[in-house]
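Numbering (the numbering used here), first residue to last: 5 to 104.
Every residue gets a Cβ at the ideal spot worked out from N, C-alpha and C, and that includes glycine.
All of these numbers come straight from a predicted model, not from anything done at the bench.
Reviewing the structure listed below.
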């Protein structure tokens, strides 16, 4: 029963991450996103995975941890890319302002 509850918790968290990835792809901007926050989430999932192995409770829930870890890592990569795109855009705006 505890694995089922943990699985539902991870599924609920997991639903939001693909939506966040899609938003990151469309926005092409890191405004309002925190790299630190996403790294903390990844560390949390890594501890959850480690806990499963250390306790010997390797079950279907472990797959949910890995799926969430992968999706959050994709979102982190997009956030880093989008931060770079934001910096390029800011540099272009600055260059145009200097030319004026």
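My output table needs one value for residue i: the three-state DSSP class, helix, strand or coil.
i, result
"residue 63", "coil"
"residue 81", "helix"
"residue 48", "helix"
"residue 56", "helix"
"residue 106", "What is shown of the chain runs 5 to 104, which leaves residue 106 out entirely."
"residue 94", "helix"
"residue 99", "helix"
Within the continuous alpha helix (DSSP H) that includes residue i, where are the two ends?
i, result
"residue 30", "6-31"
Judging by CA-CA distance, which residue of the options is the nearest neighbour of residue i?
i, options, result
"residue 83", "34, 16, 19 and 22", "34"
"residue 48", "14, 6 and 37", "14"
"residue 74", "40, 9 and 22", "22"
"residue 6", "93, 98, 64 and 95", "64"
Within the same chain, show all residues whose beta-carbon is closer than 8 Å to that of residue i, passing over the 5 residues directly before and after it, in chain order.
i, result
"residue 78", "25"
"residue 39", "80, 83, 84 and 87"
Return the chain-ordered list of same chain residues with a C-beta closer than 7 Å to the C-beta of residue i, the five sequence neighbours on each side being excluded.
i, result
"residue 71", "18"
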